[in-house]
Amino acid sequence: MLSCKQASKLLSQSLDRKLSWKERLALRFHLLLCDMCTRFAKQLKIMQKAMQDWVSASEQDESIQLSQAAKVRIAEKIASKQ
Amino acid sequence: MTTTANVNDWLNDHGDYLYRFALARLRDPVQAEDAVQETMLAAIQSKSFTGQSSPRTWLVGILKHKIIDTIRQQIRERPTEDLAEDLSEDTAGDEYFDEDNRHWNDAPQAWGVPDGALEQKQFLVILQSCMDKLPKKLASLFMLREVIEEDNEKICKDLEITTTNAWVMLYRARMGLRQCLELHWLGR
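So the sequences go chain by chain: C and B.
Following this note's numbering, the numbering of the first sequence begins with 2 at its first residue and continues without gaps.
Following this note's numbering, the numbering of the second sequence begins with 8 at its first residue and continues without gaps.
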């Protein structure tokens, strides 16, 4: 039987690589008996989605703008390339 | 064919969006401005804009590569904040478990999914502050993996780290972020 630490590591790695069938089986068995790791698995999913949501929210936040100074600097660079 | 006039128009029309796109991923205003600048300069030199896609889509394609390069540099150049600990596979995560590692010290709680616009916004503010609390290298690697969705093997090759190192670092990032969110989201 996996320890909770082993189970949490496998759950994290399952997002980065394909687990072996032995690992999947051991993990499934652990999750069947362990509410805490089952919650941890759900939390990983929520975090994954939250990261994506956070990035798209920042992308659409029109209060964030390129500073005037940066625009001038970039325009000068563009001109100097011509 | 790209001309200076085009590129100046693009800077006016899309500069703010490109900056937001970069800032969301790099989380550093100076690096985000540099990425936009390099994208514009690459756009001048490139002859590959054919008008088949919109200028914005094309520029974002260039910007993405600049962002990935910058994040790699962030990871490579940042001081090795307790890297020895970061990479040790056996002990990674020990602090979250009891002595024989069988059980969680603090039981993970059932997280309510943020409901409605206000709660969603609050959750994202907490997420941002929790990302800021992670060691910077871990936060950068986590961003590369979770948001930019770079392939793990490619990440390891580019950064010259082993896949095991990457798993350990990502595990530490997720565990750290999780604990911070649990404390601040549920502990409201």
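Here a beta-carbon is modelled for each residue, glycine too, at the ideal position from N, C-alpha and C.
Supposed close pair residue i, residue j - CB separation, criterion 8 Å
i	j	result
residue 12(C)	residue 28(C)	7 Å
residue 65(C)	residue 18(B)	Incorrect: roughly 16 Å between the Cβ atoms, too far for contact.
residue 134(B)	residue 58(C)	Not confirmed; about 10 Å, so no contact.
residue 151(B)	residue 157(B)	5 Å
residue 54(C)	residue 131(B)	7 Å
residue 44(C)	residue 118(B)	6 Å
residue 56(C)	residue 154(B)	5 Å
residue 14(C)	residue 192(B)	The Cβ separation is near 24 Å, so there is no contact.
Any chain C beta carbon closer than 8 Å to residue i
i	result
residue 122(B)	no
residue 76(B)	no
residue 42(B)	no
residue 191(B)	no
residue 51(B)	yes
residue 153(B)	yes
residue 48(B)	yes
residue 146(B)	no
residue 115(B)	yes
residue 33(B)	no
Short Cβ contact (8 Å threshold) for residue i with residue j
i	j	result
residue 47(B)	residue 100(B)	no
residue 186(B)	residue 40(C)	no
residue 67(B)	residue 28(B)	yes
residue 179(B)	residue 145(B)	yes
residue 32(B)	residue 74(B)	yes
residue 171(B)	residue 96(B)	yes
Below-8 Å beta-carbon distance, residue i vs any chain B residue
i	result
residue 56(C)	yes
residue 24(C)	no
residue 40(C)	yes
residue 76(C)	yes
residue 69(C)	no
Alpha-carbon to alpha-carbon, residue j and residue i
i	j	result
residue 37(C)	residue 8(C)	10 Å
residue 68(C)	residue 39(B)	11 Å
residue 137(B)	residue 48(C)	11 Å
residue 1(B)	residue 25(C)	The question about residue 1(B) has no answer here: the residues shown for chain B are numbered 8 through 195.
residue 176(B)	residue 60(B)	38 Å
residue 79(C)	residue 188(B)	43 Å
residue 143(B)	residue 83(B)	11 Å
residue 147(B)	residue 34(B)	9 Å
The region 10-31 of chain B: positions lying closer than 9 Å to chain C by Cβ | 10, 11, 14, 15, 18, 19, 22, 23, 24, 25, 26, 27, 28, 30, 31
Anything in the region 4-35 of chain C with a Cβ closer than 7 Å to a Cβ of chain B? List those residues in chain order, please.
-> Against chain B - using a Cβ distance shorter than 7 Å - the residues of the region 4-35 of chain C are 4, 5, 6, 9, 10, 13, 14, 17, 18.
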